[in-house]
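Undergrad: Residue numbering for the first sequence follows the numbering used here, starting at 180 and increasing by one per position.
Pasting in a structure now, in structure tokens, and then I'll have a few things to ask.
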Amino acid sequence: MRVSAYFMPLLKENPSEAQIVSHRLMLRAGMIRQVTAGIYSWLPLGLKVLKKVEQIVREEQDHSGALEILMPTIQPADLWRASGRYDDYGKEMLRITDRHERDMLFGPTAEEVVTDIFRNAVKSYKDLPKNLYNIQWKFRDEVRPRFGVMRGREFLMKDAYSFDIDAAAAKRAYNKMFLAYLRTFARMGLKAIPMRADTGPIGGDLSHEFIILADTGESAVYCDKAWLETDVLAAEIDPAGDLEPFFQKWTSLYAATDEMHDPAKCPVPAADLVTARGIEVGHIFYFGTKYSAPMGAVVAGPNGESVPVEMGSYGIGVSRLVGAIIEASHDDKGIVWPEAVAPFRVGLVNLRGGDAKCIAASDALYATLRNAGVETLYDDRDESAGAKFAAMDLVGLPWQLVVGPRGVAAGTVELKNRKTGDREEISAEAALARLTAKH
RNA sequence: CGGGGCGUAGCUCAGCCUGGUAGAGCGCUAGCUUUGGGAGCUAGAAGCCGGAGGUUCGAAUCCUCUCGCCCCGACCA
Numbered sequence: 180m181r182v183s184a185y186f187m188p189l190l191k192e193n194p195s196e197a198q199i200v201s202h203r204l205m206l207r208a209g210m211i212r213q214v215t216a217g218i219y220s221w222l223p224l225g226l227k228v229l230k231k232v233e234q235i236v237r238e239e240q241d242h243s244g245a246l247e248i249l250m251p252t253i254q255p256a257d258l259w260r261a262s263g264r265y266d267d268y269g270k271e272m273l274r275i276t277d278r279h280e281r282d283m284l285f286g287p288t289a290e291e292v293v294t295d296i297f298r299n300a301v302k303s304y305k306d307l308p309k310n311l312y313n314i315q316w317k318f319r320d321e322v323r324p325r326f327g328v329m330r331g332r333e334f335l336m337k338d339a340y341s342f343d344i345d346a347a348a349a350k351r352a353y354n355k356m357f358l359a360y361l362r363t364f365a366r367m368g369l370k371a372i373p374m375r376a377d378t379g380p381i382g383g384d385l386s387h388e389f390i391i392l393a394d395t396g397e398s399a400v401y402c403d404k405a406w407l408e409t410d411v412l413a414a415e416i417d418p419a420g421d422l423e424p425f426f427q428k429w430t431s432l433y434a435a436t437d438e439m440h441d442p443a444k445c446p447v448p449a450a451d452l453v454t455a456r457g458i459e460v461g462h463i464f465y466f467g468t469k470y471s472a473p474m475g476a477v478v479a480g481p482n483g484e485s486v487p488v489e490m491g492s493y494g495i496g497v498s499r500l501v502g503a504i505i506e507a508s509h510d511d512k513g514i515v516w517p518e519a520v521a522p523f524r525v526g527l528v529n530l531r532g533g534d535a536k537c538i539a540a541s542d543a544l545y546a547t548l549r550n551a552g553v554e555t556l557y558d559d560r561d562e563s564a565g566a567k568f569a570a571m572d573l574v575g576l577p578w579q580l581v582v583g584p585r586g587v588a589a590g591t592v593e594l595k596n597r598k599t600g601d602r603e604e605i606s607a608e609a610a611l612a613r614l615t616a617k618h
């Protein structure tokens, strides 16, 4: 993509309303614009990242055996009356009345809708287990939205719902999601640590929060420092196999949120305990028959008896992750995108937008990169060199390929790694070989 | 939901206390000169001073009401 043809309104100064770094950088890099409190439009650059995050989430859900569906944003109040949550949910639920005076709502979550789908379609234990997920916009009318997309009122969430015949099967479903979550966040370059959590208003008896470490995180967390050296992607895991040993392994290391942590009872010696800030990016629950019983989601068991299904729900804040990734990966110049979610892999910079030789060399590199399928943002504007460097650092693409008069004369380009800052003056061929290599 | 702050040009802000023709920097447009880390000069365009009432000869400025946004706390993917 040529910058001259793109829509990427950069801001030189920090907008006054943005206080935390991810919010500032998302606004400055032209990823989002606020429409009203807690509600954002996603501009091309931001949308590209959002879709990459979404796709990784989708791939890992599919890999675990979950099935994608799409449920509506607007739901009828009657379903929530049936589960008993319509009155309980309070003002966080945005309530709407349609033209027929029917009570509707903008869904903050979808347990009721998915349970309704399930109960109407599944009648036998032979059709279990099932796990249905969707990636859809949710709305929670937070009293105080803040931190940009990290805590918006409208947000994109992946929510999955498992249905099983008994508690043992439900635990297997829980384990699948548990491991899928570890893989999902690791693929995005994040260190996400599962922490035993309160089940809160959703209820039930087993729950984990997935928290990534970032200096600007909203809550204090404590964990065994061994967590920082673990590589969850290294383990080859068959999601259809027995996952309990993996679950045991990954939950044996100490990790706790502020409210669950008791220094007096902490089993980890102080020297091995990491105290950090964290951002919650996922939350999984096993809650048994909390919804299936009141909503009549029952199946025939092996002996013909009616059994309410055992359920769990599993959420990932997809739009929040975009902000969280920036919180975890930035420097004083701007964003430092992990390769897997970077909006473009390479930023091609022509330092002399008005110079024929530089234009020819840059155009040729751009064409080669495009033909090789390398996502490239090509800054072809006639701006000063400093302005282009600053813009490219702000946007934070993993690689910068710089074409200037010096290099054109010498037959070289400069390849810069955004994360390390390392620069090399190498031939265009060598640079292309590097950028088109498998990664 | 308690406490606080702020609404003036696209962005960051001054002006308000003490009422008297609406300002700066950046950005934008045009031209010239520049060109390896947010260039310089010249000329321009750009505002219902968040909105509504009021006080006054006169309101960005004083008063009342209202809307919006942000921050701290309690709550949350």
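All residues carry an ideal CB built from backbone N, CA and C; glycine is no exception.
It should be emphasised that the depicted structure is a prediction, and the values quoted were computed from it without experimental measurement.
One question on the structure: do ARG375 and MET474 come within less than 8 Å of each other, judged by their Cβ atoms?
TA: No, these two residues do not count as a Cβ contact at 8 Å.
Undergrad: Alpha carbon to alpha carbon, how far is ALA435 from GLY269?
TA: C-alpha separation (whole angstroms): 29 Å.
Undergrad: Alpha carbon to alpha carbon, what distance is there between ARG325 and ALA566?
TA: Spanning the two alpha carbons is a distance of roughly 30 Å.
Undergrad: Measuring straight from C-alpha to C-alpha, what distance separates ALA588 and PRO577?
TA: Cα to Cα, the separation comes out at about 26 Å.
Undergrad: In three-state DSSP terms, what is ILE538?
TA: ILE538: helix per DSSP, three-state reduction.
Undergrad: Which parts of the segment 442 to 492 are runs of the beta strand (DSSP E), unbroken and 3 residues or longer, counting only runs that do not cross its ends?
TA: Within the segment 442 to 492, the complete beta strand (DSSP E) runs of at least 3 residues are 452 to 467, 477 to 479, 485 to 487.
Undergrad: Report buried or exposed for TRP516, applying the criterion of at least 16 other Cβ atoms within 10 angstroms of its Cβ.
TA: By the neighbour-count rule (16 or more Cβ atoms within 10 Å), TRP516 is buried.
Undergrad: Use the C-beta contact count for LYS428: other C-beta atoms within 10 angstroms, 16 or more gives buried, fewer gives exposed.
TA: Classification of LYS428: exposed, given that the 10 Å Cβ count is below 16.
Undergrad: Please classify TRP516: does DSSP put it in a helix, a strand, or coil?
TA: Coil, per DSSP.
Undergrad: Is GLU271 helix, strand or coil when you go by DSSP?
TA: Helix, per DSSP.
Undergrad: Beta-carbon separation of PRO287 and LYS309 under 8 Å?
TA: No.
Undergrad: If distances are taken between C-alpha atoms only, which option among ASN596, LEU273, GLU388, ARG366 comes closest to GLY457?
TA: If we check each option's Cα against that of GLY457, GLU388 comes out closest.
Undergrad: Sort out for me which residues DSSP pairs SER386 with in a bridge.
TA: Looking at the DSSP assignment, SER386 forms a beta bridge with PHE464.
Undergrad: If you measure between the beta carbons of GLY461 and ILE416, is that distance less than 8 Å?
TA: Not a contact, by the Cβ cut-off of 8 Å.
Undergrad: Could you give the DSSP three-state label for MET598: helix, strand or coil?
TA: Looking at the sequence itself, residue 598 is Lys, so the reference to Met does not match. Reduced to three states, the DSSP call for LYS598 is coil.
Undergrad: Are the beta-carbon atoms of MET367 and ALA519 separated by less than 8 Å?
TA: Result yes, Cβ atoms of MET367 and ALA519 sit closer than 8 Å.
Undergrad: Which first and last residues belong to the alpha helix (DSSP H) in which THR395 is found?
TA: No alpha helix (DSSP H) contains THR395, which DSSP labels as neither H nor E.
Undergrad: Whose C-alpha, out of ASP394, ARG602, GLU423, is nearest the C-alpha of ILE504?
TA: Of the candidates ASP394, ARG602, GLU423, the one whose C-alpha sits nearest the C-alpha of ILE504 is ASP394.
Undergrad: At a cut of 8 Å, does the segment 442 to 454 reach the segment 478 to 491 through at least three beta carbon pairs?
TA: Because the criterion of three Cβ pairs below 8 Å is not met, the segment 442 to 454 and the segment 478 to 491 do not touch.
Undergrad: Given that a residue counts as buried once 16 or more other Cβ atoms are within 10 Å of its Cβ, and exposed if not, what is HIS279?
TA: Classification for HIS279: exposed.
Undergrad: Report yes if the C-beta distance between VAL574 and ALA184 is below 8 Å; otherwise report no.
TA: No.
Undergrad: Do you know offhand how far SER541's Cα is from ASN529's?
TA: Taking the straight line from one Cα to the other gives about 6 Å.
Undergrad: Using a Cβ-Cβ cutoff of less than 8 Å, which residues in the same chain neighbour GLY244 once the five nearest sequence positions on both sides are dropped?
TA: Cβ within range, chain order: ASN310, LYS355, PRO418, ALA419.
Undergrad: Using only CA atoms, which one of ILE211, VAL228, LEU229 lies nearest to TRP620?
TA: The requested residue 620 is not part of the displayed model; the chain covers only 180 to 618.
Undergrad: Taking the alpha-carbon of ASP437 as reference, which of ALA476, ARG362, GLU397 has the nearest alpha-carbon?
TA: Minimum Cα distance to ASP437 is reached at GLU397.
Undergrad: May I ask you to report which of helix, strand or coil DSSP gives LYS302?
TA: In the structure shown, LYS302 sits in coil (DSSP, three-state: anything other than H, G, I, E or B).
Undergrad: Can you round the beta-carbon distance between PHE464 and SER386 to whole angstroms, since I take them to be within the 8 Å contact cut?
TA: PHE464 to SER386, Cβ: 5 Å. Contact.
Undergrad: Just confirm the distance between the C-beta atoms of ALA256 and MET283, as a whole number of angstroms; I'd bet it's less than 8 Å.
TA: Yes, they are in contact, since the Cβ atoms of ALA256 and MET283 sit about 6 Å apart, within 8 Å.
Undergrad: In the DSSP assignment, find the unbroken alpha helix (DSSP H) run with LYS630 in it and report its ends.
TA: This structure gives no information on residue 630, because the portion of the chain shown stretches from 180 to 618.
Undergrad: Taking the runs of the beta strand (DSSP E) that are 3 residues or longer, which of them lie wholly in the segment 290 to 343?
TA: Entirely contained in the segment 290 to 343, the beta strand (DSSP E) runs reaching 3 residues are, in chain order, 309 to 318, 333 to 343.
Undergrad: Is it buried or exposed for ARG260, if we count other Cβ within 10 angstroms and need 16 for buried?
TA: Looking at its Cβ environment, which holds fewer than 16 other Cβ atoms inside 10 Å, ARG260 is exposed.
Undergrad: To which residues of the same chain is LEU632 closer than 6 Å at the C-beta, ignoring the five residues directly before and after it?
TA: An answer regarding residue 632 cannot be provided, because it is not within the stretch 180 to 618 covered by the chain.
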